[in-house]
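Working notes, beginning with the structure itself.
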Amino acid sequence: MNEESKKKINEKYERTLLKGERFWPDSIFKDVIMSFGIFLLLILLATFLGVHDSPKADPSDTSYVPRPEWYFLFLFKFLALYGQIPVLGKIEFIATIIIPGIAMGLLVLLPFLDKTPYRYYTKRIFPISIMSLLVVSMVTLTLMADIPTTAGEGIYIPGITQVIAGLIVPSAAFIILTLMNFVFKTTSTKVMIWTTVVSAVLMITFTGATLALAPVTEKTEAAVASTLEERIVAGQDLYSVHCVECHGEDGKVTTIEGVEGLEGKAVMAINGKDVLYTLNDATMAEVIAYGRPDAGMNPFGKAYNPEGLAKGEIDYIVTFMRYMWDDRFERPVIKPLFPALAAGEVPSYDVHIAPIVKRYCVSCHRPGKDSNAYLMDTYENITTSGDNAPSIKAGDANSPLLQVIQGTPIPDPDNPGQNLVGVMPPKSTLKADVIDAWMRWVMAGMPRTAEEAAALSTTPTP
Amino acid sequence: MQSTLWQKIYAWLDERLGLDNMYTGLLDRPEPLGNWWNTLGSASLFLFLLQGATGIFLTVYYTPSPDHAYDSIQYIMNDVAFGWLVRGIHHWGASFMVMVVFIHMLRVFITGSYKYPRELTWLIGVGLLLMTLGMGFTGYLLPWHQMAYWATTVATQIAGSVPFLGEFILKALRGGPDLSALTLQRFFAAHIWMLPAALAALIGAHLYLIIKHGESAYPDKED
Ligand code: HEM
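Order-wise, the sequence lines are chains A and B.
Under numbering that gives the first Met the number 0, the first residue of the first sequence carries the number 0, and numbering increases by one thereafter.
Under numbering that gives the first Met the number 0, the first residue of the second sequence carries the number 0, and numbering increases by one thereafter.
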């Protein structure tokens with residue numbers, strides 16, 4: 000730029016200043032209102048939306064689908080779409096380095112590439128068009144980020160519309176605009192504006208089509224226990240499923256009974272000071288993850304056992320053991336396993352029986368365990384499976400299940416003196432309110448949902 | 000002349016600090032007529048300061064180690080008085096800052112304010128945009144949750160795809176072949192010391208240039 004145009008620019012600026020405002024108080028006033036508005040919005044978001052939770056990092060769980068912060072999503076999507084291009088798509092660094100590098104380079108060098116003194120919008124249609132399309136691309140790519148790029152074999156229409164919206168239209172538009180600007184230098188401003196608008200509309204339309212066509216994949220993220228109480232309960236449930244058979248419901252077992260291969264094995268009571276005081280949280284988690292393979296406790300960590308527990312789950316178990324058994328920790332008030340039953344109220348599977356089964360029975364009665372092939376993981380299995388099925392009949396107070404949980408074994412008709420089914424759970428007795436819930440549930444016809452149960456309940460007339 | 004105690008104190012300070020000069024130099028400046036789009040730069044500054052203030056509070060409880068990072072955040076959210084608010088503001092503030100800085104850049108771009116004599120202001124601005132994104136990237140790993148862990152694994156892998164230098168960049172970012180305690184430690188260092196220091200310095204230069212050249216006027220048909 001020559002000295003003359005510089006002088007012209009500076010003189011014009013001085014003239015506009017005379018017609019302008021003062022920084023204090025005019026500009027500052029607007030600045031303060033803006034910042035204050037943003038601050039209020041942040042407080043509202045923090046209060047009402049909070050921060051999205053995700054489970055603790057688990058380096059062994061490689062199946063986790065990564066998700067960056069939302070403002071990087073468009074880059075991830077761009078990479079995924081770029082990878083679809085035949086041949087070129089295999090040269091990864093073009094998309095990961097070269098293209099973003101060029102974009103940043105252009106941004107840095109902008110004042111030196113665009114050296115004309117023109118500032119008015121219609122005199123700068125080319126850079127403004129390119130930037131607008133870039134912004135539209137970023138928005139559409141972000142919107143499509145959660146939709147799978149491919150779906151295995153066959154024609155996957157959302158895949159095609161995505162490539163059109165995210166790659167083909169923008170690249171074509173960039174090329175056409177560049178040609179118009181540098182090769183056919185006479186292209187009118189109007190034509191360039193129309194090219195930009197039409198491309199943007201096409202990109203938005205195909206994005207809309209993708210969103211409309213794509214099957215909504217429901218994302219199931221493991222619920223995160225966040226309060227101490229939730230973590231303890233989560234730990235207790237996990238403990239009940241995985242550990243009870245050897246260590247007993249309250250961790251005080253010293254001689255393992257009824258576990259194949261470990262019958263009669265002596266173990267330390269893991270609820271005692273000897274264990275709790277000598278193992279800190281980290282070593283405790285390690286013992287659970289790595290097991291005691293020599294002694295017969297198999298590893299529970301995902302790293303050693305593909306079906307094992309995640310790091311966060313093991314931490315829940317440790318938390319549970321600490322707060323329930325370690326006398327150095329104050330035991331918080333824990334919600335009861337199920338809401339107490341009023342007179343005449345009928346329990347339901349969803350609200351009452353499922354949590355009971357999960358805590359007291361599932362550890363032995365689940366796929367992979369041979370407990371007379373009686374699976375208790377679902378409503379259907381509880382009512383129909385087992386070698387001596389059915390174990391419960393609606394309305395029958397003598398159902399085998401009800402007998403064994405009340406301490407009456409079922410004798411084997413073929414082998415007098417032997418039991419077909421021993422008492423359940425084998426080494427402890429259920430509390431009276433749990434047995435009562437089972438009784439009422441079976442007698443009322445085993446309702447599944449809370450509504451069904453409510454319909455069967457009778458309110459005692461006072 | 001009779002003057003109150005306050006006036007005396009002010010005069011004493013003014014003599015030594017040059018308060019009156021500051022007032023005319025910094026505050027009582029003429030500016031071209033602006034509108035709400037001109038507030039985005041100072042909104043970026045406000046968000047930077049807010050992130051600094053809330054971030055400092057978070058470091059009181061946060062522990063940058065794989066064993067404790069997640070739990071320390073849970074503790075902040077559940078047990079520290081107003082911890083949820085401070086973390087919530089820091090979390091949403093990060094998103095806002097990226098967005099506001101980006102829109103600020105767009106407005107400067109559209110009005111052609113990067114031209115003479117403000118080329119350097121723009122150049123420093125690009126640096127600010129990169130640093131802001133860097134803050135988002137390093138901060139995201141700190142809670143050490145699944146989403147962040149795996150997103151960072153993938154993102155560092157991407158950086159590792161640079162021809163020739165890839166291996167080195169990957170190792171430098173991760174502090175080893177895999178994400179580990181070292182990665183968390185250096186992301187933490189970058190997030191609370193290196194990047195904020197660089198940002199603060201660049202913001203200083205940015206503001207100096209803005210005061211020196213004044214804000215640009217909106218272009219009219221002659222420009
Ligand atoms: C942490 C980030 C940033 C802060 C705190 C910041 C702060 C500011 C402030 C307070 C102003 C004056 C008010 C206004 O025009 O809005 C301004 C102007 C400006 N900023 Fe930034 N900015 C940031 C990022 C950027 C970026 C990313 C760019 C461009 C790449 C940029 C380029 C400019 C330019 C060229 C001006 C002069 C505008 C004019 O005179 O009209 N800034 N900035």
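Backbone N, C-alpha and C define an ideal beta-carbon position, used for all residues, glycine too.
Distances between the C-beta of residue 250 of chain A and the heavy atoms of the ligand HEM are all 8 Å or more. Along the segment 118-144 of chain B, the positions whose C-beta sits under 7 Å from a C-beta of chain A are 118, 121, 122, 125, 135, 139, 143 and 144, read in chain order. When secondary structure is reduced to three states using DSSP, residue 329 of chain A falls in the coil class, being assigned neither helix nor strand. Here residue 409 of chain A has 387, 399, 402, 403, 418, 419 and 420 as same chain residues with Cβ atoms under 8 Å from its own Cβ, once five neighbours each way along the sequence are excluded. Remark: C-beta atoms of residue 49 of chain A and residue 87 of chain B approach each other more closely than 9 Å.
Interface residue (Cβ-Cβ distance to chain A less than 9 Å): residue 97 of chain B is classified as such. Relative to the ligand HEM, the beta carbon of residue 40 of chain B is positioned inside 8 Å of a heavy atom.
At a cut-off of 9 Å between beta carbons, residue 238 of chain A makes no contact with chain B.
Within the segment 16-47 of chain B, the residues whose Cβ lies closer than 9 Å to some Cβ of chain A are 22, 25, 26, 27, 28, 29, 30, 31, 32, 33, 34, 35, 37, 38, 39, 40, 41, 42, 44, 45 and 46, listed in chain order. Only residues of its own chain outside the window of five on either side were considered, and among them 456 have a CB closer than 6 Å to the CB of residue 344 of chain A, listed in chain order. Using a Cβ-Cβ cut-off of 7 Å, residue 155 of chain B is close to nothing in chain A; its nearest Cβ partner there is about 11 Å away. In the displayed model, residue 76 of chain A falls within a helix according to three-state DSSP. Distances from the CB of residue 110 of chain B to the heavy atoms of the ligand HEM include at least one below 8 Å.
Listed along the chain, the chain B residues whose CB falls inside 8 Å of the CB of residue 5 of chain A are 115 and 116. Between the beta-carbon of residue 397 of chain A and that of residue 385 of chain A there is about 16 Å, and that puts the pair past the 8 Å contact cut. Look at residue 296 of chain A here: in three-state DSSP terms it is strand. As a beta-bridge residue in DSSP terms, residue 265 of chain A pairs with A:254. Residue 27 of chain A places its beta carbon less than 9 Å from that of residue 26 of chain B.
Residue-level contact by beta carbon fails for residue 327 of chain A and chain B, as no gap is shorter than 9 Å. The alpha-carbon of residue 107 of chain A is positioned some 45 Å away from that of residue 78 of chain B.
Relative to the ligand HEM, residue 21 of chain A has its C-beta separated by 8 Å or more from all heavy atoms. Note that the C-beta distance between residue 142 of chain A and residue 206 of chain A is below 9 Å.
Remark: the shortest separation between the CB of residue 209 of chain B and any heavy atom of the ligand HEM falls under 8 Å. Following the DSSP letters along the chain, one finds residue 419 of chain A in no alpha helix (DSSP H) but inside the beta strand (DSSP E) bounded by residues 418-420. DSSP lists no beta-bridge partner residue for residue 206 of chain B.
At a cut-off of 9 Å between C-beta atoms, residue 312 of chain A does not count as an interface residue with respect to chain B. Rounded to whole angstroms, residue 75 of chain A and residue 83 of chain A show a C-alpha spacing of 13 Å.
A distance below 8 Å between beta-carbons, with the five flanking residues on each side excluded, links residue 102 of chain A to the following residues of its chain, in chain order: 133. With fewer than three CB-CB distances shorter than 8 Å, the segment 149-160 of chain B does not count as touching the segment 100-107 of chain B. Contact fails between the segment 280-297 of chain A and the segment 36-53 of chain B, because fewer than three Cβ pairs, one in each stretch, are under 8 Å apart. Within chain A, no C-beta atom comes nearer than 9 Å to that of residue 79 of chain B; the closest sits roughly 13 Å away. Look at residue 306 of chain A here: in three-state DSSP terms it is coil, with no helix or strand label.
Between the segment 4-17 of chain B and the segment 66-76 of chain B, the count of C-beta pairs closer than 8 Å stays below three; the two stretches do not touch. Looking at A:69, A:38 and A:29, the one whose alpha-carbon comes closest to that of residue 85 of chain B is A:38. When only Cα atoms are considered, residue 184 of chain B and residue 170 of chain B end up about 14 Å apart. Residue 242 of chain A sits away from residue 258 of chain A, with the two beta carbons spaced by 9 Å or more.
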